[in-house]
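Q: Here you go, one structure.
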Amino acid sequence: MEYVTGRGPVRAVEGVSFSIAPGEVFGLAGESGCGKSTVAHAIMRILRPPAIITGGRIFFQGKDVLSMSDEELERFRWASVSMVFQSAMNSLNPVMTIGDQIVDAITSHSDLSKKQAWERAAELLEIVGIEPSRLRSYPHQLSGGMRQRAVIATALALNPPLMIMDEPTTALDVVVQKEIMQQIEELKDKLGFSILFITHDLSLLVEFSDRIAIMYAGEIVEMAPARELFDNPLHPYTYGLMNSFPSISGEKRKLTGIPGSPPDLLHPPSGCRFHPRCPYVQPLFKEVAPRLREVTPGHFVACHLYDGCQPGQSQVSLQAAVGGELKFGEKPK
Amino acid sequence: MATTDPKDKVDTVEVSPTGQAMVIPSTSPTPRTERWRWVKMMLANRKALVGFVIIGVFILMAIFAPIIAPGDPNAFVGPPNQPPSRQYILGTNGQGADMFAQLVWGARTSLGIAFAVGIVTTLIGIVIGMTAGYVGGRVDDILSMLMNIVLIIPGLPLLVVLATFLPPGPLTIVLVLAATGWPWGARVLRSQTLSLREKDFVAAAIVSGESAPRIIFREILPNMTSIVVAGFFGSVTYAIGAEAGLEFLGLGNVSTVTWGTILFWAQNNAGLLTGAWWTFVPAGLAIALVAFAFSLINYAVDEITNPRLRAEREGSHVLRKHKIPFSRATPVLRAKQESAAGGR
Amino acid sequence: MIFASFRGQLRPEQLKSLKEAYGFVEGPLWKQYLTYLGQIASLNFGISISSFPAKVTTVISTGLAWTLLLGAVTLVIGFLLGNFLGVLAAWKRGGWVDTVLPPLTIFVGSFPYFWLAMLLLFLLGFKMGVFPMGHAYADNLAPQLSMKFIWSVIYHMILPAFTIIIVSIGGWLLGMRNTMISVLGEDYVAMAEAKGLPQRRVMLNYAARNALLPSVTSFGMALGFVVSGQIVTEIVFSYPGVGYQLYRAVQNLDYPLMQALFLMITLAVLVANLLVDILYVRLDPRVRVS
């Protein structure tokens, strides 16, 4: 999909394709601005102009989301897919009580009476660990962690099969973050919904998701089961991301970032979009864009380094593909 | 959604002298090249262009008055209250003077007063507003209180009372209007100065030993040019209407020719009751057009400086081109073949 | 000043009693001023020069009543209508409400109040005779609580009210529209839409309700301008409100009346601002202190 700007269209997301199974936690990671939030908002079609969806398909349980009428969309939203926004403070209406906002979602999708809706809302707050009396509080009267939990409670209101979580813990401090993540995990196990978990914190994803996709400059560059991705990152960008996080336990490593910065999507680099920052770049990479291919069962990567690999071939790794010392933190040639 | 620094995302709403609420977008220091880009964008904007053209016409009218309508505009040229004819394209007023000449010469004084007021209020606003914002503390408290006092007192009654005690004339009007109109711009400049003061480039200037006045005028002020200019236009708009109001009430010098005094005489000579519409319609229309032109320019400046307003406009062009009906959901624009093959 | 002009014509005793009636005391200027302030505190503004021997307070109270009537009607209608149209304009950006109304209302908003008043008076009052040419009620009626009187009042109020409303509506409309556009970009509106709530609910309860707050804030400031506009409109229509009285007071150099009117008007605006502040606290839960 693209954004119309005064200087030309900006293709924010290109060729992103994945599916989520029931009960699965699917992680989507990448730097700020890589398009992951855009994908999430596009699924529910809440992106605002000048954003336009210019191609592709979105199917939910067999239904085509992109051709839904406004009324169908209204029914679809929240009941089939709900979303936990990044900043709870900003996503809650400051002039309405928490209770009102939860009840809103309930009454517009079901025939429950006001009273029943309020009872349900109280239940939801209890599930996430908030006192039901807080239903009458306004958002600014709650702490950051409580607000986030209230938002999660709202998202659960209609028992949707899929919940999208857009950086739900980024704005919180580490201790609260841990609590919230545990809460989400418990809820998921109990209620059985799928989660599309979006974040730039890869370590969080590796712990929590079943499968992970890494996005860069609007495209998916690698997709694999979580453990597999952690043990064997194939794309140089993924490798760089892994090395960017310090670990409290474990040996001391030299922290390397990834030199350079994300590309300007108005004029993306030719060929492989990562080539300006890749230490293993070859002339071909600047011309031809790599396609996402399955190189080992369940493990997809979009990188020319693996052009020669056949599916089923074992011993695929970045080290092998590069043939030697893995380097990072160096300027590309 | 893009992550923005919450400190930068503060849009404030101010009410301009004409009662319009303007959204003042957040500030971040604009680099030199950026500062003149908006000038170019203004000229490209249709609304601003119309505004400039209208004002241009009237300014030319004022400058070339002696050539367009030679002679004394108050001179008796024919029977009073004559309707427009080939000889006198706007007819004659209650005293038998040529209405067209009155209008043209009136432009001089009216526009002169309005621009003078604009300049004076802008200057006062810069000095007081920026001092209050930059120095802070007690000085700020005192100046803010002064601003609030002048702001809260309703304009016209104050103007009326002031004008009765001063000798009638254009100078009085300029003084009185400036004395009541300066706080609007000053307040906006003060709050912008307050937020710009916290920025790094000011800290750098302080550390490198620049004196306070130099910082205010060389560092901070250039970053506020768009607001200062918008304030100037707002003041002129206010002045044009307010001076007409005062003169209409008879508080200006009724023997000078201005658009407001034309209306005063029309009312007093019962032009309404004799059906002589040409004695008041053109002058009022001129005032309205000038005020409208400035408002248009301000409206265009709003659109240009507020990226949100602009972004949505650009998007809607594309949608309209492809005839996509209005909906709050993200629009889907497919190539023709795809929608025929895919879809439901 | 006033007494100097009389000196030649009155005998000293008459002058003295006149002075007393007007509340002038002998003594230095500051003593006179203090006495005056004291009198104001007890709402004793003295006697009006032009409407002698009526007291200033009597003169003002009738004017105030008429002004408040006209003012309340025009403010309520203008504010509600303007804000509502602003909400619609922002909601359907690029729709006809958004394209036509803002420039149109800016244009009409640029008309000087008194000029539009003159125009309407001329067209609808004089030329077409549809509406009365002035005053608050028909000259042959006396104030009474009858349908006939009330209807006459309404009938006479239509033109002045219409003038004020259509000149001021642009301000409300544009302010609300711009604020709404900002609000519509907020996350809580996106979440409300994501919740699948009906459009109207999102527009009113989530967006407009929040956009209303800055609108109410600017109401207090815009009030000053509407008051000024109302004053000149009253003058053109000879509507017997405080505006018209101020005009007459200026013409007759009735200083006691002028000062009192000025004070009254300022006070009224201050009180209105106070009420608006109270209203704001009721509307925005974030500023309430529990």
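Here the protein sequences come in this chain order: A, B and C. Its first residue numbered 121, the first sequence is counted upward by one per residue in the numbering used here. Its first residue numbered 4, the second sequence is counted upward by one per residue in the numbering used here. Its first residue numbered -1, the third sequence is counted upward by one per residue in the numbering used here. For each residue, glycine too, the CB sits at the ideal point set by N, CA and C.
Only counting the same chain, and skipping five residues up and downstream in sequence, which positions put a Cβ closer than 6 Å to that of B/Q105?
A: Taking the second sequence and counting its residues from 1, the one referred to as residue 105 of chain B is at position 102. Closer than 6 Å at the Cβ level, and outside the excluded window around B/Q105, lie P76, V260 and I265.
Q: Please classify A/A132: is it buried, with 16 or more other beta-carbons within 10 angstroms of its beta-carbon, or exposed?
A: Walking along the first sequence from the start, residue 132 of chain A turns up at place 12. So A/A132 counts as buried.
Q: Tell me the DSSP secondary structure of B/P186 in three-state form.
A: Mapped onto the second sequence, residue 186 of chain B falls at position 183. Three-state DSSP puts B/P186 in a helix.
Q: Between which two residues does the beta strand (DSSP E) containing A/F420 stretch?
A: Along the first sequence, one-based indexing puts residue 420 of chain A at 300. A/F420 -> beta strand (DSSP E) spans H419 to V421.
Q: Just how far apart, CA to CA, sit C/E24 and B/L252?
A: Translated into the one-based positions of the third sequence, residue 24 of chain C becomes position 26. Translated into the one-based positions of the second sequence, residue 252 of chain B becomes position 249. Reliability of the predicted coordinates at C/E24 is poor, the pLDDT of 46 falling under 50, and no value is obtained from them.
Q: Below 7 Å on C-beta distance, what does C/Q197 contact in chain B?
A: Taking the first residue of the third sequence as position 1, residue 197 of chain C is located at position 199. What C/Q197 touches in chain B: R331.
Q: In chain A, which residues lie with their C-beta within 9 Å of the C-beta of C/G84?
A: Taking the first residue of the third sequence as position 1, residue 84 of chain C is located at position 86. Those do not exist, as C/G84 stays about 18 Å from chain A at its closest Cβ, beyond 9 Å.
Q: Starting from A/R331, trace the beta strand (DSSP E) both ways and give me its first and last residue.
A: What you label residue 331 of chain A is simply residue 211 of the first sequence in a count that begins at 1. Here the beta strand (DSSP E) through A/R331 covers R331 to Y336.
Q: To the nearest angstrom, how far is the alpha carbon of B/A24 from that of A/G135?
A: Position 21 of the second sequence holds residue 24 of chain B. Position 15 of the first sequence holds residue 135 of chain A. With a pLDDT of 41 at B/A24, under the threshold of 50, the modelled position of that residue is not reliable, and no figure is offered here.
Q: Could you confirm whether any beta carbon from chain A is found closer than 8 Å to the beta carbon of B/P28?
A: Position 25 of the second sequence, counting from 1, holds the residue named residue 28 of chain B. For B/P28, the pLDDT reaches just 48, beneath the cut-off of 50, and the residue's location in the model is therefore unreliable, although a value from the coordinates is still provided. No, B/P28 does not count as interfacial toward chain A.
Q: Name the chain A residues that come within less than 7 Å of C/Y204, Cβ to Cβ?
A: One-based indexing of the third sequence puts residue 204 of chain C at position 206. The contacting residues are N213.
Q: Looking at the C-beta of A/N210, does it have a partner C-beta in chain C at a distance below 8 Å?
A: Within the first sequence, the letter at position 90 stands for residue 210 of chain A. With 8 Å as the cut-off, A/N210 counts as an interface residue toward chain C.
Q: Out of C/P196, C/M116, C/G127 and C/N250, which has the shortest C-alpha to C-alpha gap to B/A286?
A: To locate residue 286 of chain B, count along the second sequence from 1; it is residue 283. Of the listed residues, the one whose Cα sits closest to B/A286 is C/M116.
Q: Please check the pair A/A112 and A/T319, which I expect to be a contact at CB under 8 Å, by giving their CB distance rounded to whole angstroms.
A: Residue 112 of chain A lies beyond the range of chain A shown here (121 to 453); nothing can be said about it.
Q: C/P283 touches chain A at which residues, Cβ-Cβ below 8 Å?
A: Sequence index remark: in the third sequence, residue 283 of chain C carries index 285 (1-based). Per Cβ cutoff of 8 Å: P214, V215, Y258 and H260.
Q: Taking the straight line between their C-alpha atoms, what separation do you get for A/M216 and A/Y258?
A: Counting from one through the first sequence, the residue named residue 216 of chain A turns up at place 96. Counting from one through the first sequence, the residue named residue 258 of chain A turns up at place 138. Computed Cα separation, rounded: 6 Å.
Q: Consider the C-beta atom of B/L178 and the heavy atoms of the ligand COA; say whether any pair is separated by less than 7 Å.
A: The model depicted lacks the ligand COA and carries no ligand whatsoever.
Q: Does B/M138 come out as helix, strand or coil in the three-state DSSP assignment?
A: The sequence position of residue 138 of chain B within the second sequence is 135, counting from 1. According to the sequence shown, residue 138 of chain B is Val rather than Met. Three-state result, B/V138: helix.
Q: Pull up the distance between the alpha-carbon of C/R284 and that of A/R254, whole angstroms please.
A: For the purposes of this step, residue 284 of chain C is taken as the residue at position 286 of the third sequence. For the purposes of this step, residue 254 of chain A is taken as the residue at position 134 of the first sequence. Whole-angstrom Cα-Cα distance: 16 Å.
Q: Please report how far the alpha carbon of C/V57 lies from the alpha carbon of C/L259, in whole angstroms.
A: The count along the third sequence starts at 1 and reaches residue 57 of chain C at position 59. The count along the third sequence starts at 1 and reaches residue 259 of chain C at position 261. Distance between the alpha carbons of C/V57 and C/L259 is about 10 Å.
Q: Rounded to whole angstroms, how far is the Cβ of B/P171 from the Cβ of B/T112, which I believe are closer than 8 Å?
A: Along the second sequence, one-based indexing puts residue 171 of chain B at 168. Along the second sequence, one-based indexing puts residue 112 of chain B at 109. Rounded, the Cβ-Cβ distance is 13 Å, inconsistent with contact.
Q: Under 7 Å, CB to CB, which of the residues in the stretch 287 to 298 of chain B have a partner in chain D?
A: The structure shown contains no chain D; its protein chains are A, B and C.
Q: Opposite A/S314 in the DSSP bridges: which residues?
A: For the purposes of this step, residue 314 of chain A is taken as residue 194 along the first sequence, with counting starting at 1. Per DSSP, A/L282.
Q: How far does the beta strand (DSSP E) with C/T97 in it reach, from first residue to last?
A: Stepping through the third sequence from its first residue, residue 97 of chain C is reached at position 99. Where C/T97 is concerned, there is no enclosing beta strand (DSSP E), although the alpha helix (DSSP H) it sits in stretches over W94 to G107.
Q: Starting from the beta carbon of B/V210, find every residue of chain A whose beta carbon is closer than 8 Å, and list them in chain order.
A: Along the second sequence, one-based indexing puts residue 210 of chain B at 207. Ordered by position in chain A, no residue passes the 8 Å Cβ test against B/V210, which lies about 29 Å from the chain.
Q: Here's a check: name, in chain order, each residue in its chain whose Cβ is nearer than 7 Å to the Cβ of C/T177, leaving out the five neighbours to either side.
A: In the third sequence, the residue the question calls residue 177 of chain C occupies position 179. Result list for C/T177: A209, P212 and S213, in chain order.
Q: Comparing the C-beta of A/R165 with each C-beta of chain B, is any distance below 8 Å?
A: Numbered from 1 along the first sequence, position 45 holds the residue referred to as residue 165 of chain A. Yes - at least one Cβ of chain B is within 8 Å of the one on A/R165.
Q: Would B/W268 and B/G97 qualify as a contact pair, given that the criterion is a beta-carbon distance under 8 Å?
A: Translated into the one-based positions of the second sequence, residue 268 of chain B becomes position 265. Translated into the one-based positions of the second sequence, residue 97 of chain B becomes position 94. Going by C-beta atoms, B/W268 is nearer than 8 Å to B/G97.
Q: Please decide whether A/A77 counts as near chain C, where near means a Cβ-Cβ distance under 8 Å.
A: In the structure as shown, chain A starts at 121 and stops at 453, and residue 77 of chain A therefore has no counterpart that could be examined.
Q: Here's the rule: buried if 16 or more other CB atoms are within 10 angstroms of the residue's CB, otherwise exposed. What is A/I166?
A: Along the first sequence, read from residue 1 onward, the residue named residue 166 of chain A stands at position 46. Under this definition A/I166 is a buried residue.
Q: Name the chain B residues that come within less than 8 Å of C/L244, Cβ to Cβ?
A: For the purposes of this step, residue 244 of chain C is identified with residue 246 of the third sequence, where counting begins at 1. Here the neighbours are P160 and V163.
Q: Can you round the beta-carbon distance between C/A87 and C/L171 to whole angstroms, since I take them to be within the 8 Å contact cut?
A: By one-based count along the third sequence, residue 87 of chain C stands at place 89. By one-based count along the third sequence, residue 171 of chain C stands at place 173. Contact holds; Cβ gap of about 7 Å.
Q: Under DSSP, the alpha helix (DSSP H) around C/T60 begins and ends at which residues?
A: Mapped onto the third sequence, residue 60 of chain C falls at position 62. Per DSSP, C/T60 belongs to the alpha helix (DSSP H) from V54 to W89.
Q: Could you tell me how far apart the beta carbons of C/V71 and C/A159 are, in whole angstroms, since I believe they sit closer than 8 Å?
A: Position 73 of the third sequence, counted from the first residue, corresponds to residue 71 of chain C. Position 161 of the third sequence, counted from the first residue, corresponds to residue 159 of chain C. Yes, they are in contact, since the Cβ atoms of C/V71 and C/A159 sit about 6 Å apart, within 8 Å.
Q: I need the straight-line Cα distance from B/V56 to C/S108, nearest angstrom please.
A: The residue you call residue 56 of chain B lines up with position 53 of the second sequence. The residue you call residue 108 of chain C lines up with position 110 of the third sequence. If I take the Cα positions, the gap works out to 17 Å.
Q: Find out if the Cβ-Cβ distance for the pair A/S263, A/G147 is shorter than 8 Å.
A: As a position in the first sequence, residue 263 of chain A is number 143, starting the count at 1. As a position in the first sequence, residue 147 of chain A is number 27, starting the count at 1. Result no, Cβ atoms of A/S263 and A/G147 do not sit closer than 8 Å.
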